[in-house]
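>
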Amino acid sequence: MTQEFRLKDEGLIDRSKKISFKFNGKKYFGYEGDTLASALIANGVHLVGRSFKYHRPRGFYGAGVDDPYALVQLIRNNETIPNIKATEQELFEGLEAKSVNCWPNVNFDIGGINNFLRIFLPAGFYYKTFMWPKSFWYRIYEPFIRKAAGFGVVTHEHDKERYEHKYEYCDLLVTGSGPSGLASAYSAAKNGAKVILAEDKPRFGGSLLTSEVTIGNQTGKEWADKIVTELKEMPNVVVKNRAQVFGYYDHNMLVMSERISEHMPKTEKFMPKQKLWYIRAKEVVISSGSIERPIVFGNNDTPGILLSSAAKEYMKVYGVLVGKKPLIFTNNDSAYETAIEFKKNGINPIVLDSRKELNSDLITEAKNLGIDIKFEHVVVNANGYRKVKSADIAKISEDKTNLGKIENIACDCICVSGFWTPTIHLASQSGGKTKFNKDIDAFIPSQSKQNETTVGSANGIFNLNDTLKNSFEAGYELSKKITSKENKLSVPAVVEKKNSKHDKFWCVPLPKGKKYKRFLDFQNDVAVSDIELALREGYRSIEHVKRYTTLGMATDQGKTSNLNGLQLVSNIENKVVPEVGHTTFRPPYTPVSIGAIVGREVGKHSKPTRKSPMHSWHEKNNAVFVDAGLWLRPRYYKKGNETLFDASKREAENVRKNVGVCDVTTLGKIDVKGPDAAEFLNRVYTNAWLKLPVGKARYGVMLREDGIVMDDGTTTRVSENHYHMTTTTAQAANVLSHLEYYLQIVWPELNVNVVSTTEQWAGAAIAGPKSRDLLQKLFPETDCSNEGLPFMGFIETKLFGVYARIFRISFSGELAYEVNVESDNGNFMWEKIIELGEEFKIQPYGTEALSTLRIEMGHVAGSELDGRTTPFDNSLEGLLSKKKDFIGKRSLQKEAFISPDREKIVGVVPLDKKTSIPEGSYIVRDANAKLPNPKLGHVSASCWSVEYNNPFSLAIIKDGKNMIGQKLFALSPLKNKSIPVEIVSSHYVDPKGERVRS
Amino acid sequence: MLFIKCPYCGIRSQNEFAYGGDATVKRPELNKEISDKEWDDFVYNRKSPRGKHLEFWHHISGCRQWFKVHRDTATHEIFKTLKPHEEL
Amino acid sequence: MQKYSVFNLIKNAFSSHENWEVAWKDPTPKKSYDVIIIGGGGHGLATAYYLAKEHNITNVAIIEKGWIGGGNVGRNTTIIRSNFMHDANGRFNEFSMDLWRNMSQELNFNVMFSPRGIINLAHSDAQMNAYARRGNSMRLNGIDAVLLNREQVKKLIPMADFSEDVRFPIFGGLMQPSAGTARHDAVAWGYARQADSMGVDIIQNCEVIGFDVVGGKIKGVRTSKGDIKANKIGLCVAGSTSILAEKLNMTLPIETHLLQACVSEPIKPLLDHVVTFGAGHFYCSQSDKGEMVMGGDLDGYNSYAQRGNLPTLQHVLTEGIAMFPFLSKLKMLRTWGGIMDMSMDGSPIIDKTHIEGLYLNCGWCYGGFKSTPASGWTFAHTIAQDKVHKLNADYSLNRFSKGYLLDEKGLGTKTWIS
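Residue numbers (our numbering), protein chains in the order written: chain V, 1 to 998; chain D, 1001 to 1088; chain P, 2001 to 2418.
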């Protein structure tokens, strides 16, 4: 197919590289350097999709980020990607794209019926209806509405692309490479500043690519090319194209997304699709330019109607004509550049200028070229459905309220210019204030909040001479502050055309008797009448208007619609625009890929994985792992076809009968050192610590200040001023911060230091009646007898030449020891234990057996110490010292904590001695009581007691101790279980604790 | 992302730090008889001002020191950072 | 008041919608009222509505600093649920659910309550047990709850990560089928319209500057629009509670923090349920517009800035992709922040205060939206009867000093850790 609308040689595309692509199944050609939009327009395709609400045909309105609609579904490298903006997507060989939000196709869309029903579907119609019958909203109406909404489609599969992050620091970040950006970056770089220059588009130069100006003795584009080339060669400058600075965060942190490979058919191996830059800049120059505003008129959303600057860009950058019978509708001079460009390319445009006849450089040039100009004329209405065919035009009175006789003229495109809106998003995101500039009818940055300076048209300056002057100055001054250098460049001379004043006119009145839809927001179908309705109904604040009508809430975030919306509200409310105020600008400036924000932390790497030194042994020995926070711990070691239940029962039984070994490396370990360490522990733990001798361990409980148990564990006095504290796996990090808080802030007078040693030590718990025999084998030189190493004793020794610590502590309730060696020796230790343990029938046991053993002994753990229970609740009152103060003690007097009604830990056994009680069941008196059924408490942990060979659970229930012996029910409605139970002591096995001391 | 000057290490990005709450709240001395109100003011009650706020931060992925930050809760401007026992 | 219905919509279409009345008026404040509600958010508007409807107290003013519905009722992720473990929270919010179910009809304003079900994913057996505890508590309180295994979850939300390349595999989940979403703005507007029609004055752009307290009794407020008298005043200003409390010399067990949320660009319907991630703080639903509505975590330090920081969002979205890998292919469109009253146990306060005639409604943390109707209903009761209703009896201010905490998460007073 020929590219009927492609100009012969104009443009910056590479005509030697022809590219084939598909749109809606049809094959087309374009050139390297095209966007999907420019290539489609070159082929005469303007209908790109359907609008959100009325499903009206939509074409290209802009030529870049400002386009309010052109979203397509892109197929790239066999992946389908929703909501790609055709005006931004660069063309690559084999590109495939489809229209979205239409069925069966974009030419004939069933949803288009909404357009005919539109008088019944004004702003907020859904708030007023779909209420009857009641159940229909969720069942009938809403699914229908949901189906009609949304644009692209996404599949369930993982994203195959890779995204990277980069952190960067610079003196000056310049956001945009138009004349103001280039000038500031250049001037600062030449003054020694470390500069990052970011340009969203593939090409540098911004407006210089399309304007007819001279800088020095070069054209604007030549000058831009020269500056960019020079900047790229400077070691202190980073120049990035395809890079959008989308967010201005606190303390001069800006974030930029760089598109690395989206313009290529596929991402090369190990290349990212996008890179996200976190840039901490000492100073920021916002040179983000401005966006042309539409003028609002009847059916101004018809495909073929677009911004006049976009039409010019399509011609000058892409060598593409948006039409051959153009109508240009303007209230200012800049559209004349578009008209002149058409004329130069052999096309005769008609210009409608809302202003009274006037002269300026541009207007004169246009007149001299013989361009047909109709002053005081406006477009009243566009005709055509899928593409504009003609326009109703009329003369307009000076006060812009009365239209003259309506005339119809044929056209195939309408290029609209309602003057320029500075892009102040970044300046506003920084927290800076904005002010309304009456000269340009738009907001510009006012007071800065952070270190940012806005230059050029982003600051409302629309002539090149001032722009360059200010920007060179800004670059110099800002860099001087940082580098203290004074290398000032002279500003090149500029030749440009002088513009006359624009007309404060933005909306064409309706002719009598006509009810044309005049659109403000093209994507969300928000028309003038919708805003009028919102205000009529009392939604008068601009935020109410926005929310009620959805103005500016589409994916373009109102880049072309917000200001016109504000104008309309201020007109109707009889206020000036600044009184109405604008809605808040928040990042991102343009939608940003979620994948890019997340970066590499996906899949298995979404969180770190912590493994003990013995991990590979566990793996080789059929361990089934369980996540314990970030750690992976063996849950059980599977033999043959064993289930979790079988295996954990076997492992636990072996501990009770012989000896088992469990990897306890994950326990938190903290070294507490210093002359005041004992006093510190005495304040941190609820029990007494001053008299613990060297070589002894003690169990302790620590509270939060609110009296709730924070953690428990044993702490051992290794030497006079050195204690080894252990914490639970889950609380290790919190406990360390907690200790540091008290040492550094509350009790700085204590001479104590703490440091985490969790990863220094590998730990193995050896438990069971034969554990001493095994220990003696492991440490033949050491006296492992009950006298030599008594309960809660500690010794330092050698394990076959390797330094080792032995703690005689027990979590299982059996005779047990914990051996620690340095992490590097962990595997050696483990293999020795297994090797020498063989004769004692040693088996490794996992966390499930560990739980079983502790539950039937009545030891509390995470499921009881759940951040809600006091020491009393857990029957730990024996550990509360009456003689001294400690963290959280004052809270223990609270009425609720000492109330007899308070829940307390007990044991629970099913009456049938068979039915396991699911964890999370509730204990109640009456299984069949009417709901809400009063709860006595809940079952916190359950196991199969290997000691008694029947189920056993721990529960925390009201008035627990007095409930012992009572017959109650455990209910788990979720599992449809109602189990008659008896309340027993929580210490089900060895209540006197004889085994651990044996 | 905040840029916080640790009094010991210098200026670092927020992700090296953990927040630690209101630094004007003082823990009552140990063993001192105090009213329920005084205790609750320490444990629970907070002024939570809009504007200047003296707060604790912890350089958790750095030197592990706690320190004070004087920050505006509405704008996040940081006026000053101090060691725990320095006063404004 | 004009009735909203499809018939009226059609009728008005033929007069170009020019005959719709204002949804609420814009009155100048009177010199005095029976009750003043400070805060024109969801809870304040609901309180005024229930004062008028349930207690026949219509000489009421709502005073709003900005525009109604501009606070958290317009800045949330629209989730409505009653899946709580504590009895007080469960029963209160189940009562709220009952009010939600009839709200569109009662207010004659389509709030689009959509019981699409909420699924809390679990990633370990321990978490399944914790959810069982919560779910059983719900069931015993008469609230619907279902425990799902991995296969059942997969059937409902196949787009979640069931692949091998996953850090925390899905074990199952807890589902409350009757939970869902609603159109947040509509709730504020619906209550406002009905309250207005019953005589309540909605006074916008009116800032409270101070209070008149005489002899331990509240007498009125000083505002930017002049002094207004009332012997009963209700504070309903989540996010700004501490600021007003300071004017009353009160220090409360709350801190102010920022919670961020974001939406993706709209895509065709994919996700029917509200889903929460179990190995982090992330939740997601798809709006009727097609946007994926995502939220998760506090910025982590006291904040009154209605602007958030990117590290939090990055963290939240990382968990988002861990749950729903497809999110990686979407773009984040819009982000916003809401200012939360984070209470010291994670549950709200609806109570009288030590000042006679001054009532407090605050501490909603990040869960205020779902409670809007019950909060308004019980607060109206508390104000009208000068005593708490049994539904909000546990939401007392002195529960902290007495120790009757309602800590759903067991995190204690570090409010910034979510």
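Glycine is no exception: its CB is placed at the ideal position from the N, C-alpha and C atoms.
Since we're looking at a predicted model, the values are computed, not measured.
1) Candidates V:VAL378, V:VAL322, V:ARG650: which alpha carbon is nearest V:LYS405's?
2) According to DSSP, simplified to helix, strand and coil, what is V:GLY206?
3) So, are the CB atoms of V:GLN244 and V:SER261 less than 8 Å apart?
4) Alpha carbons only, please: which of V:GLY862, V:ALA677, V:VAL602 is nearest the one belonging to V:SER942?
5) Could you give the uninterrupted runs of the alpha helix (DSSP H) lying entirely in the segment 795 to 843 of chain V, keeping only those of 4 residues or more?
6) Note down, in chain order, every chain V residue with its Cβ under 9 Å from the Cβ of D:PHE1056.
7) Identify the continuous alpha helix (DSSP H) that holds V:SER1017 and give its terminal residues.
8) So with CB distances below 8 Å, who are the chain D contacts of V:TYR249?
9) When DSSP builds the beta bridges, which residues end up paired with V:PRO748?
10) Output, in chain order, the set of chain D residues within a Cβ distance shorter than 7 Å of V:SER430.
11) According to DSSP, is V:TRP761 part of a helix, a strand, or is it coil?
12) Residues of chain D with CB under 8 Å from P:GLU2246, in chain order?
13) Determine contact between the segment 539 to 555 of chain V and the segment 520 to 527 of chain V, defined as no fewer than three beta-carbon pairs at a distance below 8 Å.
14) What are the boundary residues of the beta strand (DSSP E) that includes P:TYR2304?
15) Around the Cβ of V:PRO133, are there at least 16 other Cβ atoms within 10 angstroms (buried) or fewer (exposed)?
16) Comparing the C-beta of V:ILE424 with each C-beta of chain P, is any distance below 8 Å?
17) Quick check on the burial criterion: 16 or more other C-beta atoms within 10 angstroms. Buried or exposed for V:TYR169?
18) At a CB-CB cut-off below 8 Å, which residues of chain V make contact with D:VAL1069?
19) Taking a contact to mean a Cβ-Cβ separation below 8 Å, would you say P:TRP2377 touches P:LEU2099 in this structure?
20) When Cβ atoms are compared, which residues of the segment 1006 to 1025 of chain D fall closer than 9 Å to chain P?
21) Which residues, in chain order, does the segment 2278 to 2297 of chain P contribute to contact with chain D at a C-beta distance below 8 Å?
22) Would you list the residues sitting across from V:LYS673 in a DSSP beta bridge?
23) Please report the residue range of the alpha helix (DSSP H) in which V:ALA1073 lies.
24) Nearest to P:ASP2144 by alpha carbon, out of P:HIS2273, P:PHE2400, P:MET2097?
25) To the nearest angstrom, how far is the alpha carbon of P:ILE2254 from that of P:ASN2361?
26) Using a beta-carbon distance below 8 Å, is D:THR1075 in contact with chain P?
27) Residues of chain D with a CB under 7 Å from the CB of V:ASP885: which are they?
28) Alpha carbons only, please: which of P:SER2137, P:SER2124, P:PHE2109, P:ILE2118 is nearest the one belonging to P:ALA2088?
29) With a threshold of 16 other CB atoms inside 10 Å of the CB of V:PHE779, please say whether the residue is buried or exposed.
30) To the nearest angstrom, report how far apart V:ASP34 and P:TRP2067 are at their CA atoms.
31) Nearest to V:LYS935 by CA position, among V:VAL924, V:SER648, V:ALA410, is which residue?
32) Would you check if the distance between the CB atom of P:LEU2235 and the CB atom of P:GLY2039 is smaller than 8 Å?
33) Quick one: measure Cβ to Cβ for P:GLY2338 and P:ARG2307, integer angstroms, because I've assumed they're closer than 8 Å.
34) What are the start and end residues of the alpha helix (DSSP H) that includes V:VAL317?
35) Counting only beta-carbon separations shorter than 8 Å, does V:SER446 have a partner in chain P?
36) What do you get for V:VAL576, buried or exposed, if any count of 16 or more other CB atoms within 10 angstroms of its CB means buried?
Working from what's here:
1) V:VAL378
2) helix
3) no
4) V:GLY862
5) 826 to 837
6) TYR741, ILE745
7) Lying before the first or after the last residue shown, residue 1017 of chain V is absent from chain V, which here runs from 1 to 998.
8) MET1001
9) According to DSSP, V:PRO748 bridges with nothing at all.
10) Within chain D, no residue comes near V:SER430; the closest Cβ sits about 11 Å away, beyond 7 Å.
11) strand
12) LYS1047, PRO1049
13) yes
14) Element bounds for P:TYR2304: n/a, residue is neither H nor E.
15) exposed
16) no
17) exposed
18) Near D:VAL1069 there are no residues of chain V at all, since even the closest Cβ is about 12 Å away, more than 8 Å.
19) yes
20) SER1013, GLN1014, ASN1015, ALA1018, TYR1019, GLY1020, GLY1021, ASP1022
21) none
22) V:HIS722, V:ASN753
23) For chain V, the structure presents residues 1 to 998; residue 1073 of chain V sits outside this window and is missing.
24) P:MET2097
25) 12 Å
26) yes
27) LEU1030, ASN1031
28) P:SER2137
29) buried
30) 46 Å
31) V:VAL924
32) yes
33) The pair is not a contact, with the Cβ atoms about 11 Å apart (cut-off 8 Å).
34) Element bounds for V:VAL317: n/a, residue is neither H nor E.
35) no
36) exposed
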